[in-house]
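Q: For the sequence shown, the residue numbers in mature numbering (1 follows the signal peptide of the UniProt record, and there is no 0) are -16 to -1, 1 to 193. Using N, Cα and C, we set each Cβ at its ideal position, and we do this for glycine too. It should be emphasised that the depicted structure is a prediction, and the values quoted were computed from it without experimental measurement. Here it is, the structure, as structure tokens.
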Amino acid sequence: MYTAIFTLALAASASARPGKRQSSCITDTVNNPNQQQIIDSINQWNSDVNNVNNFLNTAHTLSGSDLSSAANNALISASDEPCQLGTLSSISDIGGDAFTCAVNDLKNIFGTHVLDNLNKILSNVDDTSAVTDAINDINLFRCCNVLPDADILFTDASESDGAGDSVQKTAGRPDACASINCAKANPKCVEQDNGEFGTVDGGKEPNSK
């Protein structure tokens, strides 16, 4: 169902990566994964998220080559996230409103607001204003859309195959999420019907009112 979605997301990832990257996937995409492959994909995605969070939490302390190196590492991790989206979105027995919304939302925003902004940082490491603007936009859309969407996918994918107790179902948040107002990001997926998987509490957006 979501092959086209994954293809678009992965294409955005591939176009955004720096020249030294040979592959955008740290853990390869698996179509219609089994339980262990679901666990592996969620664990990898959580690792990617934590690596990007660490960059966002510390970028303001970095400059020059240190900032460039840290941003490149964050981009490597972020570029893997569409690969894991491809795996989880291909699970054949999930298709509820919240899950579908989360997949579509990630397809629409991830390339522009995460990958493109990381590349902007790499291209403008000496421009403090450009770096700050890029980080602020990444934080806004990760805190309000990307990470709540990931919570939905992690919950539904793991619970659908009995792996709910084997993975972290709530993605980590960068420090900025505690003070971000989500109104500008138009978050919507956590309000959708999540069927048998219930409310994804960890996906509620901060300061969305």
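(1) May I have the straight-line CA-CA distance separating residue 142 from residue 161, to the nearest angstrom?
(2) Name the residue from 23, 117 and 80 whose alpha carbon lies nearest to the alpha carbon of residue 40.
(3) In whole angstroms, give me the CA-to-CA distance for residue 157 and residue 184.
(4) Please classify residue 134 as buried or exposed, where buried requires at least 16 other C-beta atoms within 10 Å of its C-beta.
(5) Taking just the CA atoms, how far does residue 12 sit from residue 178?
(6) At 4 residues or longer, what runs of the alpha helix (DSSP H) sit wholly inside the stretch 48 to 119?
(7) On the CB-based measure, 16 or more other CB atoms within 10 Å of its CB, does residue 168 come out buried or exposed?
(8) Taking all protein chains shown into account, do 16 or more other C-beta atoms lie within 10 angstroms of the C-beta of residue 206, making it buried, or fewer, making it exposed?
(9) For the alpha helix (DSSP H) containing residue 132, list its first residue and its last residue.
(10) Decide if the stretch 25 to 32 is in contact with the stretch 63 to 83; the criterion is three or more beta carbon pairs, one per stretch, under 8 Å apart.
(11) To the nearest angstrom, how far is it from the Cα of residue 58 to the Cα of residue 102?
(12) Could you check what DSSP says for residue 40 in three-state terms: helix, strand or coil?
(13) Roughly how many angstroms lie between the CA atoms of residue 43 and residue 51, to the nearest whole one?
(14) So, under 8 Å CB-CB, residue 136 and residue 174 are touching, yes? Tell me the CB distance rounded to an integer number of Å.
(15) Thinking C-alpha only, which one of 56, 145 and 138 is nearest residue 105?
(16) CB-CB under 6 Å to residue 109, same chain, minus the five flanking residues each way: which ones, in chain order?
A: On the basis of the coordinates in this document:
(1) Counting from one through the sequence shown, the residue named residue 142 turns up at place 158. Counting from one through the sequence shown, the residue named residue 161 turns up at place 177. Cα to Cα, the separation comes out at about 25 Å.
(2) Walking along the sequence shown from the start, residue 40 turns up at place 56. When only C-alpha atoms are compared, the closest one is 117.
(3) Walking along the sequence shown from the start, residue 157 turns up at place 173. Walking along the sequence shown from the start, residue 184 turns up at place 200. Their Cα atoms are separated by approximately 15 Å.
(4) Residue 134 sits at position 150 when you count from the first residue of the sequence shown. When all chains shown are included, residue 134 counts as buried.
(5) For this step, residue 178 is matched to residue 194 along the sequence shown. For this step, residue 12 is matched to residue 28 along the sequence shown. Each residue's alpha carbon lies about 27 Å from the other.
(6) 48 to 73, 81 to 94 and 100 to 107
(7) Against the sequence shown, residue 168 aligns to sequence position 184. Looking at its Cβ environment, which holds fewer than 16 other Cβ atoms inside 10 Å, residue 168 is exposed.
(8) Nothing about residue 206 can be read from this structure; the chain reaches only from -16 to 193.
(9) What you label residue 132 is simply residue 148 of the sequence shown in a count that begins at 1. Where residue 132 is concerned, the enclosing alpha helix (DSSP H) stretches over 131 to 144.
(10) yes
(11) Locating residue 58 in the sequence shown gives position 74, where the first residue counts as 1. Locating residue 102 in the sequence shown gives position 118, where the first residue counts as 1. Straight-line Cα distance between these residues: approximately 8 Å.
(12) For the purposes of this step, residue 40 is taken as residue 56 along the sequence shown, with counting starting at 1. In the structure shown, residue 40 sits in a helix (DSSP, three-state: H, G or I).
(13) One-based indexing of the sequence shown puts residue 43 at position 59. One-based indexing of the sequence shown puts residue 51 at position 67. In a straight line, the C-alpha of residue 43 is about 7 Å away from that of residue 51.
(14) Here residue 136 is taken as the residue at index 152 of the sequence shown, counted from 1. Here residue 174 is taken as the residue at index 190 of the sequence shown, counted from 1. Their Cβ separation, rounded to whole angstroms, is 7 Å, which keeps residue 136 and residue 174 in contact under 8 Å.
(15) The residue given as residue 105 occupies position 121 in the sequence shown. With distances taken between Cα atoms, residue 105 lies closest to 56.
(16) The residue given as residue 109 occupies position 125 in the sequence shown. These residues qualify, in order along the chain: 51 and 52.
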